[in-house]
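Line order of the protein sequences matches chains U and H. Each residue of the first sequence is one higher than the one before, counting from 88 in our numbering. Each residue of the second sequence is one higher than the one before, counting from 11 in our numbering. For every residue, glycine included, the Cβ atom is placed at its ideal position computed from N, Cα and C. Here the structure is a predicted model, which means the values were calculated and not measured.
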Amino acid sequence: MLGIFVLAPILIGTIAYIIRDTWAKPLLFLFQFSYVAFAFSQFLSVKANGPIIWNTGGYTDGLALSLFADSLSIFMVLMTSFIYLAFLIFAVNADYFHSKFYFMFLVLEGLIMGLFLSSDLFNIFVFSEVSTVVVSILIMLNKEKQAIYDGMIYFFVNVIGSSFLLFGAGMIYRTFGLLDIRAVSAAMPMLEEPQAMILPYAMMIVTVSNKTAVMPLFSWLPKAHGTPSAPPVISAVLSGLYIKSGVYLFIRFNQMFAPVIDMQSFFFWVGFFTSVMGVIMALGQRDIKLFLAYSTVSQVGLIVVGLSMGSNVAYWGAVYHIFNHALFKSTLFLTSGLIEKEYKTRNIHEIRGLFRRMPWVGAATAFAVLGITGAPFFNGSISKYMIANGTKDAGITLLLNIINLGTILSYVKYSAMLFGKSREEQPGKPERIAAATAFVLGVISLFTGLFGEFLTEFFFGIELQVDTAEYIKKSLVYVFMLVAGVAFYKGLLKRDRILERIGTTELTFNGIITVMTGYFITILVFLSSVL
Amino acid sequence: MNFIFGEVAGILIFFIGLCGLMIKKSIVKTIMALTVMESGIILFYITINYTPDTIPPIGQAQEAAFADPVPAALMITAIVIGIGITAIGLTMFMHYKQEHGITHWTRDRNQQGSERKC
């Protein structure tokens, strides 16, 4: 049954590509609604009866190519299908919503589902290669010069990254004679020499680190996610959903190697530096899309930190942050597209007075900004509370606070757009459906925060007791940090030359590959000193 | 002991390809280096778990042990994907070169095509 998740979007996309536009739109929406309903029913079934396994060809489990849904992967599927529905509604009246676009868009949905559900290493490789192709075509949809350059960088870097995964899978097969993640995981403790796993682990983790865009490997991400001419929906799907497949594989691979290899302390620091670096780069940007892309880097860093803290609460907090980040980053990218269309610029310093000129879009942006900075009652505060609850160590708490201060600092810069007075210009054509979709996504950021305790229990079965006194304390810290952020930004960082120079530095293609090799060697050296 | 066998050669070819990606600025050479990397992986796969005196698993005859067919099956898929990747890479490059006349990776945003709007 799980095969439907992968196959159905691709089939429907193909049919919609062939038939006329007037029929394709109702078909797409009908399909996506039923798809969300199906995902929800499967989610409930996993919740009630435990994991679902779907083996192709009736072979025994472990040998067959299989799709596997446990509580984590079916949650990712549900999240993806739901946000895809919002994206389709957002894009329905846009000028780029033609057959080529929605064919690629739906194929990408099927491939993301494949990455979430697949339990076979080779299938994961195939899905990641094909989705790389689809994503790069989507980036280049407008065939602008810069978009093609960015798409090429994205394409080659990720193809090279994926070939590491193929090599790693070959080494796993050589050792175990298995390719299924669950079977390999079960066989892992029987391994006599843990050293044999150093090379495959390093290979596979380079791929997922590249896909997740952690510290030294994030250079491709702002190019791909912040491509100026790419439609906002594509940037949103890349930043909101597609990057999560990398994080998901990061979780899965680390679980697979857990019996012999423990890299949590390493990835804690990698995540921390990713987060800090993302904020510093984001502060140096003028282009709102590039700003949001670098902010994605920093949030992914926070997720990696949460996953690597070695505590159950922090782990599920990070998973909840994946969902929350998908919500508010999608909202921000969608609204940024509307803002760009209205103001005809992407310069963060020229856009002012959003509340007055585009009230609904302004409100959606405000909700999303409050969510991402972790304001009280918003969803970000719940997931950050869970991550912070995973530790009692004062030093780690301090590091988490530094990350959060950085996020607030960068979004003080971003939310300056909301206020002030806009230049007098003819207001553009209002896009009601698109603005309403963005607004609804923004409001969901509030509701997933208000009902955070219920939702974490419902989605993950984690009983989260939000301690009121501690939550209020955290809220006070938030307000304090907000004030500090505003003061710090206004006083020091506004139009800071050094930050802007840092923000515009970038690696060439050869630099990116060299850094990737360096990262690979670092992991090899680190592992051989540990094991 | 003989150190020159498929697996070692596969690993070496993979890293030679990677080296080419690190030092060559030309986009065509990038695509070639990518193909070199892929052939290294293919060589590695088809030589793992290989023992002499095995026969292909075709038919019902059982005179000798069957060779492991899985790596070969995987590599057929990987070769097909590799061809697709090379073709798409070349298509992108050709379009970019014909439209804008650029053959090398560059750091210059202007040359890449940014409009300096902001």
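Q | 7 Å Cβ cut-off: residues of chain U touching residue 100 of chain H | A | Correct list: empty, because the minimum Cβ distance to chain U is about 11 Å.
Q | Proximal residues to residue 176 of chain U (C-beta, below 7 Å), its chain only, five neighbours per side dropped | A | 520, 524
Q) Any chance the stretch 176-190 of chain U sits against the stretch 268-279 of chain U, with 3 or more Cβ pairs inside 8 Å? A) As far as the Cβ criterion goes, the stretch 176-190 of chain U does not touch the stretch 268-279 of chain U, which means the pair count is below three.
Q. In chain U, which residues lie with their C-beta within 7 Å of the C-beta of residue 91 of chain H?
A. Simply 213, 216.
**Q.** CB contact below 8 Å: residue 75 of chain H versus chain U
**A.** no
Q | Among U:514, U:330, U:318, U:384, the one whose alpha carbon lies nearest that of residue 224 of chain U | A | U:318
Q.
Please confirm whether residue 62 of chain H has its beta-carbon closer than 8 Å to some beta-carbon of chain U.
A. Chain U has no Cβ within less than 8 Å of the Cβ of residue 62 of chain H.
Q: Can you give me the start and stop residues for the beta strand (DSSP E) that residue 141 of chain U sits inside?
A: 139-142
Q. Within 10 angstroms of its Cβ, does residue 541 of chain U collect 16 or more other Cβ (buried), or is it exposed?
A. exposed
Q.
Let me check one thing: in DSSP terms, what residues is residue 76 of chain H bridge-paired to?
A. H:65
Q: Mind checking which residues open and close the alpha helix (DSSP H) that includes residue 218 of chain U?
A: Counting along the chain, the unbroken alpha helix (DSSP H) around residue 218 of chain U starts and ends at 208-226.
Q.
I need the straight-line Cα distance from residue 159 of chain U to residue 65 of chain H, nearest angstrom please.
A. 43 Å
**Q.** residue 353 of chain U: first and last residue of the uninterrupted alpha helix (DSSP H) it sits in
**A.** Looking at the DSSP string, the run of the alpha helix (DSSP H) that includes residue 353 of chain U is 351-370.
**Q.** chain U contact for residue 58 of chain H (CB, 8 Å cutoff)
**A.** yes
Q) Buried or exposed: residue 109 of chain U, going by 16 or more other Cβ atoms within 10 Å of its Cβ? A) exposed
Q. Where does residue 154 of chain U fall in DSSP's three states?
A. strand
Q | the stretch 314-330 of chain U / the stretch 27-36 of chain H touching (three or more Cβ pairs under 8 Å) | A | Because the criterion of three Cβ pairs below 8 Å is not met, the stretch 314-330 of chain U and the stretch 27-36 of chain H do not touch.
**Q.** Rounded straight-line distance, which links the Cα of residue 397 of chain U to that of residue 601 of chain U
**A.** 31 Å
Q. Is it the case that the Cβ atoms of residue 409 of chain U and residue 357 of chain U are separated by a distance below 8 Å?
A. no
Q: Spell out whether any CB of chain U is found under 8 Å from the CB atom of residue 104 of chain H.
A: no
Q.
Do residue 444 of chain U and residue 509 of chain U count as a contact pair if the criterion is CB distance below 8 Å?
A. yes
**Q.** CA nearest to the CA of residue 47 of chain H, picked from H:61, H:77, H:96
**A.** H:96
Q: For residue 32 of chain H, go through chain U and note every residue whose CB falls closer than 7 Å to its CB, in chain order.
A: 597, 600, 601, 604
Q) Pick from U:347, U:370, U:232: whose alpha carbon is nearest that of residue 584 of chain U? A) U:370
Q: Please name the residue, chosen from U:480, U:90, U:137, that lies closest to residue 125 of chain U on a Cα-to-Cα basis.
A: Residue U:90 is the option with its Cα nearest to residue 125 of chain U.
Q.
With a threshold of 8 Å on Cβ separation, who are the neighbours of residue 544 of chain U within its own chain once the five nearest residues in sequence on each side are excluded?
A. Correct list, in chain order: 550, 551.
Q.
Counting only Cβ pairs nearer than 7 Å, list the residues of chain U close to residue 88 of chain H.
A. 253
Q. Using the rule of at least 16 other Cβ atoms within 10 Å of the residue's Cβ for burial, across every protein chain shown, is residue 202 of chain U buried or exposed?
A. buried
Q: Take the Cβ of residue 472 of chain U as the centre, count every other Cβ of all protein chains shown within 10 Å, and call the residue buried at 16 or more, exposed below.
A: Classification of residue 472 of chain U: buried, given that the 10 Å Cβ count is 16 or more.
Q) Going by other Cβ atoms of all chains shown within 10 Å of its Cβ, with 16 needed for buried, is residue 436 of chain U buried or exposed? A) exposed
**Q.** With 16 other Cβ atoms within 10 Å as the buried cut-off, status of residue 51 of chain H
**A.** buried
Q.
Which residues in chain U have a C-beta closer than 7 Å to the C-beta of residue 23 of chain H? List them in chain order.
A. Within chain U, no residue comes near residue 23 of chain H; the closest Cβ sits about 11 Å away, beyond 7 Å.
Q. Can at least three beta-carbon pairs, one atom from the stretch 323-331 of chain U and one from the stretch 251-261 of chain U, be found at a separation below 8 Å?
A. no
Q) Short check: CB of residue 44 of chain H to CB of residue 20 of chain H, under 8 Å? A) no
Q) Can the beta-carbon of residue 303 of chain U be found less than 8 Å from the beta-carbon of residue 598 of chain U? A) no
Q | Contacts that residue 84 of chain H makes with chain A (C-beta to C-beta distance below 7 Å) | A | Any reference to chain A falls outside this structure, whose protein chains are U and H.
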